[in-house]
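Those sequence lines, one after another, are chains U and G.
The numbering of the first sequence is my numbering, which starts it at 226 and goes up by one.
The numbering of the second sequence is my numbering, which starts it at 576 and goes up by one.
One structure is given below, encoded as structure tokens.
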Amino acid sequence: MALTLDEVRKVALLARLRLSDEELAHLTPQLAQIVGYVEHLGELDTTGIEPLAHPVELHSVFAEDEPLASLPRSDALANAPKQDGECYRVPPVLGD
Amino acid sequence: MNESPFDLIIGLEVHVQLLTRSKLFCRCDTRFGAPPNTQTCPVCIGLPGSLPVMNREAFRLSLKTAVALNCEIPPLTKWDRKNYYYPDLPKGYQISQYDLPMSREGWLEISDSKGAFAPKRVGIIRAHLEEDAGKSMHDEAAGKGDTRIDLNRAGTPLLEIVSHPDLRSPAEAKAYLTDLKLLLTYLGVSDCNMQEGSLRVDANVNLHVRSGDAMVATPIVEIKNMNSFRAVERALAYEAQRQYEEWQATGRCKGDTPKRTFGWDDQRMLTYPQREKEESADYRYLPDPDLPPVVVTDVELAAVHGSLGELPAALRARLQADFQLSSYDAEVIVNQGRALADYYLAVATGCGDGKLAANWVTQEVLRLVNEQYGEIQQFPVSPDALAELIRAVAAGKIPGPRAKDVFAAMVERKIGADDACQELGIAAVDQGALTELCRELLAANPRVVADVKNGKAQAVASLIGQARKRNPNVNPNDFRNLCLELIQQM
């Protein structure tokens, strides 16, 4: 299946990946090949067959509602590119 | 006859936080008001390799709610990833439910005791279980500085309840929210407290405008940022007018423009368009591979049905049927919550008079609870003690006019009716003592006797004050009637 540059640009934007024109040109046929590979599944007639929600016959797995200790705040914030000891800090979010 | 040039079509989306002790997919505490980022762990902040596991109690509370809302419960339900980027969504996706939600097609009945609208069933499209995002706070102190993110709330279980667009007025919308909150608090599944954020409302609104013989639909607007039921009413009223004026000016119909999002400004009392996103959201829903589906068996469902307890509508009906209350009084009692309703039931059953019990509970008790005690659980007079007081008054053992004094002493001193009467020196005045008192006062006031004999029965009233000075327990009515009787015999 052929993919247009525009379609790949859109997917890159949704994934928040900044691609140069060179990378776009390079990746587009690769992505098209991957999609094409998955499309092989279209050869099967799946009329009337229930979609598989999960590959394992497992269901209804629960944990009991008992609170346990959370991370110390300093640990939670440790890998943040920017934080002020209390909160993560991110560039201002507009239009909230 | 509807004179309005349009019908207002409203659908409400309500998110309620479920009353679990821990989060939906991890065991972080969900207690409100903790310092920022002290209730998080690798799962809810989305660290690589962490895996979610469903909170059993969260699912149970969702099921209870959906059943109480008369929903169909499918035998199999699953969770899906809703993908988008936002700083308060640490995984880059929200775990929600897309095509196999845990419940669908239910209803909630609403009515208005003052008759603002006819009783009706509001359809519910679906109710599903999903996780909450964290909180973004804009640092105004630093001017146009950073946004601060607190992830304590991320992962809290939310039940999203989506109504059909069956609501036709701000009053109906408010009634829906009020009755939904009442139901959910009776079930004990949520606090439904908008101030604390445990209940949030978005509205979808458009108009059906009468244009000649035809009906034209205006484009749908989603309204956000309404922080109270009153704000919802105001926003809907404003938006109805705004859409009508916009339609008159532009003639734009549903389908001409995509759905827009507006915010409600409670200060300026208007809806304003929110910034449109650069590209339309494509959530790329996919089944979450980390969460197995949940199967609900018929046995489990039957157990849930049995566990609901008496719901507000049924309780209102029972108070009217079994305790002879008016629909208004029944509503007042039920609206105060299950704890107060239970208190009332104990008093009414204990004293045997539903109406008397209602008067005492809705006036004396409620007043004190609201002024001083906060909630009925803190009120110092037990329902049994109050029932005893009411019985004693009805039996004439405590003079009617002194009942409130006795009650006040019971509240203040935390004692029973008998002890309160003893302390206050209140006792029913026996017939002999009353007769003596009447004869004494009549003998000392011949003018009064003469006036009464001349047809002015009300002259006796002037003696009541003196009688009560001699014995504060005298019942004015008993005194007056006895005096009149005695004068007749003179």
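The beta-carbon is built from N, C-alpha and C at its ideal position, and this holds for glycine as well.
With 16 other Cβ atoms within 10 Å as the buried cut-off, status of Phe607 (chain G): Locating residue 607 (chain G) in the second sequence gives position 32, where the first residue counts as 1. Classification for Phe607 (chain G): exposed.
Interface residues of chain G facing Ala288 (chain U) [CB-CB closer than 9 Å]: Sequence index remark: in the first sequence, residue 288 (chain U) carries index 63 (1-based). Per Cβ cutoff of 9 Å: Ser597, Phe600, Cys601, Arg602, Val628, Met629, Asn630 and Arg631.
Those runs of the alpha helix (DSSP H) which lie wholly inside the stretch 695 to 781 of chain G and span at least 4 residues: Taken in chain order, the complete alpha helix (DSSP H) segments of 4 or more residues contained in the stretch 695 to 781 of chain G are 745 to 762.
Same chain only: Cβ atoms within 6 Å of Arg785 (chain G), ignoring 5 sequence neighbours per side: Sequence index remark: in the second sequence, residue 785 (chain G) carries index 210 (1-based). Excluding residues within five positions, the ones whose Cβ falls inside 6 Å are Pro580.
Asn612 (chain G): contacting residues in chain U (beta-carbon distance under 7 Å): Walking along the second sequence from the start, residue 612 (chain G) turns up at place 37. Close to Asn612 (chain G), with beta-carbon spacing below 7 Å, are these residues of chain U in chain order: Arg298, Ala301, Leu302, Glu311 and Cys312.
Chain G contact for Glu232 (chain U) (CB, 9 Å cutoff): As a position in the first sequence, residue 232 (chain U) is number 7, starting the count at 1. No, Glu232 (chain U) does not count as interfacial toward chain G.
For Phe581 (chain G): DSSP bridge partner residues: Start at 1 with the first residue of the second sequence, and residue 581 (chain G) comes out as number 6. For Phe581 (chain G), which the question treats as bridged, DSSP gives the partners G:Val784.
Length of the line joining the Cα atoms of Ala305 (chain U) and Lys689 (chain G): Taking the first residue of the first sequence as 1, we reach residue 305 (chain U) at position 80. Taking the first residue of the second sequence as 1, we reach residue 689 (chain G) at position 114. Taking the straight line from one Cα to the other gives about 56 Å.
Minimum Cβ-Cβ distance from Ile736 (chain G) to chain U less than 9 Å: For the purposes of this step, residue 736 (chain G) is taken as residue 161 along the second sequence, with counting starting at 1. Not closer than 9 Å to any Cβ of chain U, the Cβ of Ile736 (chain G) fails to qualify, so no.
Residue-chain proximity (Pro1047 (chain G), chain U), Cβ-Cβ < 9 Å: Numbered from its first residue, the second sequence carries residue 1047 (chain G) at position 472. It does not: the Cβ of Pro1047 (chain G) has no partner Cβ on chain U nearer than 9 Å.
Interfacial residues, the stretch 865 to 878 of chain G to chain U, with Cβ spacing under 7 Å: Taking 7 Å as the Cβ-Cβ cut-off against chain U, the residues of the stretch 865 to 878 of chain G that qualify are Pro867, Pro868, Val869 and Val870.
CA nearest to the CA of Leu890 (chain G), picked from G:Glu906, G:Ala806, G:Cys603 and G:Ser882: Sequence index remark: in the second sequence, residue 890 (chain G) carries index 315 (1-based). When C-alpha distances from Leu890 (chain G) are compared across G:Glu906, G:Ala806, G:Cys603 and G:Ser882, the shortest belongs to G:Glu906.
Anticipated Cβ contact below 8 Å, Arg728 (chain G) with Gly709 (chain G), distance rounded: Position 153 of the second sequence, counting from 1, holds the residue named residue 728 (chain G). Position 134 of the second sequence, counting from 1, holds the residue named residue 709 (chain G). That pair is a contact at about 5 Å.
Where Gln592 (chain G) sits in the DSSP three-state scheme: Here residue 592 (chain G) is taken as the residue at index 17 of the second sequence, counted from 1. Here Gln592 (chain G) sits in strand by DSSP.
Contact set for Ile990 (chain G): own chain, Cβ-Cβ below 8 Å, skip 5 residues either direction: Taking the second sequence and counting its residues from 1, one reaches residue 990 (chain G) at position 415. Same-chain partners within the cutoff: Ala984 and Glu998.
Test item: CB-CB of Leu876 (chain G) and Tyr761 (chain G) under 9 Å: On the second sequence, position 301 is the one that residue 876 (chain G) refers to. On the second sequence, position 186 is the one that residue 761 (chain G) refers to. Not a contact, by the Cβ cut-off of 9 Å.
Under 9 Å between C-beta atoms of Ser671 (chain G) and His703 (chain G): The residue you call residue 671 (chain G) lines up with position 96 of the second sequence. The residue you call residue 703 (chain G) lines up with position 128 of the second sequence. It is a contact, given that the beta carbons lie within the stated cut-off.
Simplified DSSP state of Trp654 (chain G), which is helix, strand or coil: Along the second sequence, read from residue 1 onward, the residue named residue 654 (chain G) stands at position 79. Note: Trp654 (chain G) maps to coil in three-state DSSP.
Cβ contact check for the stretch 804 to 814 of chain G and the stretch 741 to 758 of chain G: 3 or more pairs under 8 Å: Segment contact: the stretch 804 to 814 of chain G against the stretch 741 to 758 of chain G, three or more CB-CB distances shorter than 8 Å; contact assigned.
Inter-residue CB distance, Val1023 (chain G) and Val1035 (chain G) (contact presumed, cutoff 8 Å): What you label residue 1023 (chain G) is simply residue 448 of the second sequence in a count that begins at 1. What you label residue 1035 (chain G) is simply residue 460 of the second sequence in a count that begins at 1. For a cut-off of 8 Å, the C-beta gap from Val1023 (chain G) to Val1035 (chain G) is around 6 Å, short enough to register as a contact.
Ile751 (chain G) versus G:Leu683, G:Leu931 and G:Ala633, residue with shortest Cα-Cα distance: For the purposes of this step, residue 751 (chain G) is identified with residue 176 of the second sequence, where counting begins at 1. The amino acid at residue 751 (chain G) is misidentified as Ile; the sequence shows Tyr. Comparing Cα positions, the closest option is G:Leu683.
C-alpha gap between Met769 (chain G) and Gly826 (chain G), whole angstroms: Working through the second sequence from its first residue, we reach residue 769 (chain G) at position 194. Working through the second sequence from its first residue, we reach residue 826 (chain G) at position 251. Rounded to the nearest angstrom, the two C-alpha atoms are 36 Å apart.
For Leu583 (chain G), the nearest candidate out of G:Val780, G:Leu664, G:Thr613 and G:Leu755 (CA to CA): For the purposes of this step, residue 583 (chain G) is taken as the residue at position 8 of the second sequence. For the residues G:Val780, G:Leu664, G:Thr613 and G:Leu755, the minimum Cα distance to Leu583 (chain G) belongs to G:Val780.
Residue-level contact to chain G via CB, Glu264 (chain U), 9 Å cutoff: Residue mapping note: residue 264 (chain U) aligns to position 39 of the first sequence, counting from 1. By this cut-off, Glu264 (chain U) is not an interface position.
Residues bridged to Phe1054 (chain G) [DSSP beta-bridge criterion]: The residue given as residue 1054 (chain G) occupies position 479 in the second sequence. In the DSSP assignment, Phe1054 (chain G) is bridged to no other residue.
Three-state secondary structure (DSSP) of Leu683 (chain G): Looking up residue 683 (chain G) in the second sequence gives position 108. Residue state, collapsed to three classes: strand.
Test: Asn658 (chain G) CB closer than 9 Å to a CB of chain U: The count along the second sequence starts at 1 and reaches residue 658 (chain G) at position 83. For Asn658 (chain G), the answer is yes, since a Cβ of chain U falls inside 9 Å of its Cβ.
Helix, strand or coil at Thr253 (chain U) [DSSP, three-state]: Translated into positions along the first sequence, residue 253 (chain U) becomes position 28. Of the three classes helix, strand and coil, the one that applies to Thr253 (chain U) here is helix, per DSSP.
Neighbour flag for Gly720 (chain G) against chain U, beta carbons, 9 Å: Sequence index remark: in the second sequence, residue 720 (chain G) carries index 145 (1-based). Answer yes: the Cβ-Cβ gap between Gly720 (chain G) and chain U drops below 9 Å somewhere.
Three-pair Cβ contact test at 8 Å for the stretch 297 to 311 of chain U versus the stretch 690 to 699 of chain G: With a cut-off of 8 Å, the stretch 690 to 699 of chain G and the stretch 297 to 311 of chain U do not count as touching, because too few Cβ pairs lie within range.
Pro862 (chain G): contacting residues in chain U (beta-carbon distance under 8 Å): Position 287 of the second sequence, counted from the start, is the residue given in the question as residue 862 (chain G). Residues of chain U whose Cβ lies closer than 8 Å to the Cβ of Pro862 (chain G) are, in chain order, Ala278 and His279.
Where Met576 (chain G) sits in the DSSP three-state scheme: Numbered from its first residue, the second sequence carries residue 576 (chain G) at position 1. Any reading at Met576 (chain G) is ruled out, since the residue's pLDDT is 46, under 50, leaving its predicted position unreliable.
Contact residues within the stretch 236 to 256 of chain U, judged by C-beta distance below 7 Å to chain G: For the stretch 236 to 256 of chain U, which is checked against every Cβ of chain G, the residues closer than 7 Å are Leu238, Leu239 and Arg241.
Burial state of Ile259 (chain U), where buried means 16 or more other Cβ atoms lie within 10 Å: For the purposes of this step, residue 259 (chain U) is taken as residue 34 along the first sequence, with counting starting at 1. Using a 10 angstroms sphere on the CB of Ile259 (chain U), the tally of other CB atoms stays under 16, which defines it as exposed.
Those runs of the alpha helix (DSSP H) which lie wholly inside the stretch 914 to 990 of chain G and span at least 4 residues: Counting only runs of 4 or more, we get 929 to 934, 958 to 969 and 978 to 988.
Where the alpha helix (DSSP H) through Glu820 (chain G) begins and ends: The residue labelled residue 820 (chain G) in the question sits at position 245 within the second sequence. That run of the alpha helix (DSSP H) goes Phe804 to Thr825.
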